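Each remark here refers to the structure printed beneath this line.
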Amino acid sequence: MQGIFPVLQTPINDDGSINFDDLKKQVTFCIQTGAHGLVFPVLGGEFHYLSDRERYEGLQCVVAANAGQIPVVAGVAAPSAPVAAEHAAQAAQANANAVIAMPPYITPAKGDDLIDYFKAISNAAQLPIMVQHARIAPMGTAVLKRLLDAVEHIEYIKEENDPSAHHISEVAQALGNTCKGIFGGAHGRWMLSEMERGATGFMPAAHVVDVYAQVWDAHQAGDKTKSRQIFNRLLPLINLTWLLGLRVCKEVLKRRGIFQTTHMRSPSAPDLDQADHQELDAILEDLQPLFKV
0 MQGIFPVLQT PINDDGSINF DDLKKQVTFC IQTGAHGLVF PVLGGEFHYL SDRERYEGLQ
60 CVVAANAGQI PVVAGVAAPS APVAAEHAAQ AAQANANAVI AMPPYITPAK GDDLIDYFKA
120 ISNAAQLPIM VQHARIAPMG TAVLKRLLDA VEHIEYIKEE NDPSAHHISE VAQALGNTCK
180 GIFGGAHGRW MLSEMERGAT GFMPAAHVVD VYAQVWDAHQ AGDKTKSRQI FNRLLPLINL
240 TWLLGLRVCK EVLKRRGIFQ TTHMRSPSAP DLDQADHQEL DAILEDLQPL FKV
């Protein structure tokens with residue numbers, strides 16, 4: 000697995016339920032605009048605000064809409080090993096291609112408990128595993144290496160600890176060929192540096208997949224000047240998203256005809272005010288020529 004694997008946002012109806020039709024539209028949109036894979040449900044999809052049933056039904060919806068076109072990575076993180084194993088088994092039942100999990104995120108797991116957590120996921124899924132090294136559950140490179148040595152099926156790392164570019168260099172050097180790939184996150188804010196340091200893919204939000212894909216494709220083709228030029232046009236949107244959160248992503252998806260609402264499950268997600276909308280207008284006007292649909 001390599002390239003741009005967008006994290007799918009969860010579309011929410013006025014009554015608070017998931018809009019599965021818009022979720023399907025988002026899958027089609029991502030494929031049409033150059034995604035190399037799909038990820039659902041993880042932090043960017045508000046997984047921690049979804050019920051277990053919603054997580055599974057949403058994943059089934061994504062896999063069905065994708066119809067085998069590109070890899071689907073299922074988020075299976077949970078506060079404990081038994082719950083994570085249940086999500087992992089459901090990912091396999093739904094025909095996901097791989098799973099991604101960060102460590103338990105309420106009470107941290109360490110040492111053998113952390114290994115047992117990922118072994119439970121491995122045994123239940125029997126699929127390639129990506130370990131998410133997130134800021135809310137830091138582990139360190141030595142622990143990542145121990146996990147790869149101890150747990151079957153761990154093949155990928157998603158590195159998001161700051162400074163993430165430095166960590167990607169460290170992880171790439173420490174793990175070598177034992178790791179099949181290192182992905183970046185954080186909305187791709189440092190993706191130019193991370194690509195130079197060995198990142199093999201990225202998991203941004205889904206709202207401008209086409210632009211992220213063009214940054215990646217140009218760099219892969221050896222045209223680093225073009226890659227930087229496109230990225231510099233994308234950076235204001237990344238910064239706005241970094242400041243205001245996932246509602247920016249949902250607003251862009253709404254403007255692009257994919258979502259009907261920008262509702263969030265998070266009770267503390269900020270709304271966009273008039274000045275935010277004006278700033279977004281200017282940003283999208285500059286990005287419009289890069290959109291594929």
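Take 0 as the starting number for the sequence shown in numbering that gives the first Met the number 0 and just add one per residue. The beta carbon of each residue, even a glycine, is placed where N, CA and C say it ideally should be. Computed from a prediction, not measured in an experiment: that's the story for all the values here.
Three-state secondary structure (DSSP) of residue i
i	result
Val71	strand
Leu49	coil
Lys253	helix
Lys157	strand
Phe4	coil
Ala63	helix
Phe295	The requested residue 295 is not part of the displayed model; the chain covers only 0 to 292.
His218	helix
Per-residue burial, residue i [other beta carbons within 10 Å of its own, 16 or more giving buried]
i	result
Glu195	exposed
Thr224	exposed
Asn18	buried
Lys249	buried
Pro127	buried
Ala274	exposed
Endpoints, the beta strand (DSSP E) within which residue i is located
i	result
Leu37	Leu37 to Phe39
His276	First-last for His276: Gln273 to Leu286, but that is the alpha helix (DSSP H), not the beta strand (DSSP E).
Phe294	Residue 294 lies beyond the range of the chain shown here (0 to 292); nothing can be said about it.
Beta-carbon contacts of residue i that lie in its chain and below 7 Å, excluding the five residues immediately before and after
i	result
Ala185	Glu159 and Ser163
Ala80	Asp115, Tyr116 and Ala119
Beta-carbon proximity list for residue i, same chain, < 6 Å, skipping 5 on both sides
i	result
Ala149	Ile114
Leu239	Val247
Arg188	Ile237
Gln59	Ala93
Ile282	Pro235 and Leu236
Ile135	Tyr104
Ala133	Met101 and Glu159
His262	Ile11
Limits of the unbroken alpha helix (DSSP H) element including residue i
i	result
Lys144	Thr140 to Ala149
Ala84	Ala80 to Gln92
Met190	Met190 to Glu195
His165	Ser163 to Leu174
Cutoff 8 Å; reference residue i; Cβ partners in own chain excluding five residues on either side
i	result
Ile167	Glu158, Ile181, Gly183, Glu193, Arg196, Gly197 and Ala198
Val292	Phe28, Gln31, Thr32, Asp209 and Arg255
Residue i CB to nearest heavy atom of the ligand GDP below 6 Å
i	result
Gln277	You won't find the ligand GDP in this model; it holds no ligand whatsoever.
Per the contact definition of three or more C-beta pairs closer than 8 Å, is the stretch 13 to 30 in contact with the stretch 52 to 68?
yes
Mind the definition here: the stretch 224 to 238 touches the stretch 48 to 64 only if three or more C-beta pairs lie below 8 Å; say whether that holds.
With the cut-off at 8 Å, the stretch 224 to 238 and the stretch 48 to 64 do not touch.
I'd like to know if the stretch 78 to 92 and the stretch 133 to 143 are in contact, where contact means that at least 3 CB-CB pairs between them fall below 8 Å.
The stretch 78 to 92 vs the stretch 133 to 143: no contact.
Counting beta carbon pairs with one atom in the stretch 256 to 263 and one in the stretch 209 to 225, are three or more of them shorter than 8 Å?
no
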